[in-house]
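Visitor: Supplied in structure tokens, the structure appears directly below.
There are 2 protein chains.
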Amino acid sequence: MTRALTRKGEATRARIVAGAAAEIRERGVDEVRLEDVMAHTGTSKGQLFHYFPDGKEELLLAVAQHEADQVLLDQEPMLSNLTSWPAWLAWRARLVERYRAQGVKCPLNGLLGQTGRRAPGAQAIVTGLMWRWQNAIVEGIRHMQSTGDIAPDVDADRVAAALLAGIQGGVLLLLSTGKTDHLEAALDLTIDSLRAGARVVGTQRRHSDD
Amino acid sequence: MTRALTRKGEATRARIVAGAAAEIRERGVDEVRLEDVMAHTGTSKGQLFHYFPDGKEELLLAVAQHEADQVLLDQEPMLSNLTSWPAWLAWRARLVERYRAQGVKCPLNGLLGQTGRRAPGAQAIVTGLMWRWQNAIVEGIRHMQSTGDIAPDVDADRVAAALLAGIQGGVLLLLSTGKTDHLEAALDLTIDSLRAGARVVGTQRRHSDD
DNA sequence: GCAGAAATGGACCCGCAAGTCCAAAGCACG
DNA sequence: CGTGCTTTGGACTTGCGGGTCCATTTCTGC
């Protein structure tokens with residue numbers, strides 16, 4: 001079913017997705033008309049329906065996937081290298097900085113609340129994003145456990161779940177309060193508890209087997 | 001500008017709000033047409049615009065306020081009486097139970113993401129809700145500090161902010177995963193850290209390195 | 001029971017934006 | 001170069017749904 005796309009066609013398609021994503025980030029899903037996308041990307045209605053035969057729904061899905069990928073990309077290379085406390089702090093800083101800059105214009109907002117209802121596939125995209133996100137955090141915790149920086153009895157999955165929840169909620173609250181206070185508090189308290197855990201365990205230890 | 005409302009009128013108005021709220025919870029804001037509300041509440045278009053002269057926007061605002069109040073009411077009397085560890089646990093249980101039952105049908109979803117864009121006032125409603133919510137938590141922490149159950153050097157505002165973020169994120173994740181794992185993890189880890197704090201106080205120095 | 005106001009019903013209007021259609025232009029490759 | 005595709009442009013259709021309007025009924029106070 002993949003239609004033959006020439007290089008030119010592919011470029012146009014990408015331009016549409018990127019433009020639509022920008023527009024949506026700026027003004028919200030249900031404020032963006034196909035006409036806006038056309039104007040903003042210099043395309044015609046014929047093109048839109050040529051590249052997205054199922055219309056708006058298909059376009060929105062493509063945008064959602066694009067934005068989901070972007071969310072994780074924006075955290076790299078920190079997110080994939082949570083291998084020391086400075087690395088964790090750098091990641092924390094990047095997150096706060098990114099969302100502070102972004103302010104109210106949140107892709108997640110559109111992704112989950114709005115796109116979610118219309119396109120059934122959007123749900124899957126969000127779930128996938130969260131899954132990848134949490135996985136990266138779990139990896140980080142496990143690695144820190146392997147170096148003895150985090151106590152081995154810490155439940156990596158559980159803490160990662162709580163941390164991810166804190167981040168999501170922090171961003172959500174950023175949307176209504178305009179402040180990053182909640183995000184920072186959630187990040188700091190969770191990370192602190194991870195650090196404290198290593199000490200409290202008492203035995204500063206290397207660990208290879210379990 | 002409060003129009004004179006007879007008892008009957010007031011009842012009708014309330015019926016509209018409650019019916020619209022239910023409908024929206026069930027199917028999402030932008031899937032609900034005025035016509036659906038009419039059918040579901042047994043009212044006519046004339047009535048809708050009689051009680052909500054500004055149309056859908058005004059109705060949505062009323063629904064938002066209604067739902068926001070409900071969110072807090074559902075946590076009572078626990079939320080206002082976080083005066084012992086059993087009380088905290090009861091509150092935790094109520095939250096999890098409530099959201100588990102509610103599943104995907106989340107008023108917040110509609111409130112923030114969707115209503116938020118359209119109605120400027122909706123933002124204020126959400127902010128108000130969060131403010132009241134967090135305040136109640138702060139009160140709880142302060143009370144526990146006054147009884148010595150929580151260490152006095154705990155920053156109540158900060159922990160409450162983190163906890164609220166965890167809850168919101170947990171609910172958000174419930175929407176895409178269908179599981180309450182994140183919500184429970186966030187609640188438990190934060191509450192645990194509050195309990196642990198009491199014991200550790202004095203012996204364990206807080207790290208404040210930079 | 002009789003003003004006057006509130007409550008109700010529902011027909012109608014109207015604009016908007018998604019989606020359709022086709023004709024024309026561009027391009028690829030033999 | 002010419003055949004058949006992808007690509008592009010834009011006019012047109014269409015349905016949906018919010019909002020308007022007014023006629024009718026019901027209620028309230030006197």
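Chains as they are written, first to last, in UniProt numbering: chain A, 1 to 210; chain B, 1 to 210. Virtual Cβ for every residue (Gly too), placed ideally from N, Cα, C.
Does DSSP put PRO120/A in a helix, a strand or coil?
Guide: Mapped onto the first sequence, residue 120/A falls at position 120. PRO120/A: helix per DSSP, three-state reduction.
Visitor: Spell out whether any CB of chain B is found under 8 Å from the CB atom of GLN102/A.
Guide: In the first sequence, residue 102/A corresponds to position 102, counting from 1. Closer than 8 Å: no.
Visitor: Kindly indicate if chain B contains any beta-carbon less than 8 Å away from that of residue 255/A.
Guide: This structure cannot settle anything about residue 255/A, because the visible part of chain A is limited to 1 through 210.
Visitor: Would you say VAL126/A reaches chain B, if we count a Cβ-Cβ gap shorter than 8 Å as a contact?
Guide: To locate residue 126/A, count along the first sequence from 1; it is residue 126. So yes, VAL126/A belongs to the interface.
Visitor: Using 8 Å as the limit for Cβ to Cβ distance, is THR147/B near chain A?
Guide: The residue you call residue 147/B lines up with position 147 of the second sequence. Not closer than 8 Å to any Cβ of chain A, the Cβ of THR147/B fails to qualify, so no.
Visitor: Please indicate yes or no: does the CB of LYS45/B lie closer than 7 Å to some heavy atom of the ligand FMN?
Guide: The ligand FMN is absent from the structure shown, which contains no ligands of any kind.
Visitor: Going by beta-carbon coordinates alone, are ALA64/A and ALA122/A separated by less than 8 Å?
Guide: Along the first sequence, one-based indexing puts residue 64/A at 64. Along the first sequence, one-based indexing puts residue 122/A at 122. Yes, Cβ-Cβ distance for ALA64/A and ALA122/A is below 8 Å.
Visitor: Within the chosen definition, does the region 166-174 of chain B reach the region 162-172 of chain A through at least 3 CB pairs nearer than 8 Å?
Guide: The answer is yes - the region 162-172 of chain A touches the region 166-174 of chain B, with three or more Cβ pairs under 8 Å.
Visitor: Around the Cβ of ALA68/B, are there at least 16 other Cβ atoms within 10 angstroms (buried) or fewer (exposed)?
Guide: Indexing the second sequence from 1 puts residue 68/B at position 68. ALA68/B comes out buried.
Visitor: Listing by chain order, which chain A residues have their CB less than 7 Å from the CB of ASP181/B?
Guide: Reading the second sequence from its first residue, position 181 is the one you call residue 181/B. Neighbours of ASP181/B on chain A, chain order: ALA161.
Visitor: Please confirm whether LEU173/A has its beta-carbon closer than 8 Å to some beta-carbon of chain B.
Guide: Stepping through the first sequence from its first residue, residue 173/A is reached at position 173. Taking Cβ atoms only, chain B reaches closer than 8 Å to LEU173/A, which makes this a yes.
Visitor: Whole angstroms is fine: what's the gap from ASP157/B's alpha carbon to HIS50/B's?
Guide: Along the second sequence, one-based indexing puts residue 157/B at 157. Along the second sequence, one-based indexing puts residue 50/B at 50. Rounded to the nearest angstrom, the two C-alpha atoms are 44 Å apart.
Visitor: In this structure, how does DSSP classify LYS56/A when only helix, strand and coil are distinguished?
Guide: Within the first sequence, residue 56/A is the residue found at index 56, counting from 1. It is helical.
Visitor: In chain order, what are the residue ranges of uninterrupted alpha helix (DSSP H) at least 4 long that sit wholly in the UniProt domain "HTH tetR-type" (10-70) of chain A?
Guide: Runs found: 34-41, 45-51.
Visitor: Could you tell me how far apart the beta carbons of LEU59/A and ALA20/A are, in whole angstroms, since I believe they sit closer than 8 Å?
Guide: Translated into the one-based positions of the first sequence, residue 59/A becomes position 59. Translated into the one-based positions of the first sequence, residue 20/A becomes position 20. So it is a contact: roughly 6 Å between Cβ atoms.
Visitor: Report yes if the C-beta distance between GLY110/A and GLY178/A is below 8 Å; otherwise report no.
Guide: As a first step, residue 110/A must be located in the first sequence, where it is residue number 110. As a first step, residue 178/A must be located in the first sequence, where it is residue number 178. No. Outside cutoff.
Visitor: Once you ignore the five residues that flank ALA90/B on each side, which residues in its own chain have a CB closer than 6 Å to its CB?
Guide: The residue you call residue 90/B lines up with position 90 of the second sequence. Around ALA90/B: MET78.
Visitor: Quick one: list the residues of chain B neighbouring LEU34/A, beta-carbon separation under 8 Å, in chain order.
Guide: Sequence index remark: in the first sequence, residue 34/A carries index 34 (1-based). What LEU34/A touches in chain B: nothing, since even the nearest Cβ is about 16 Å away.
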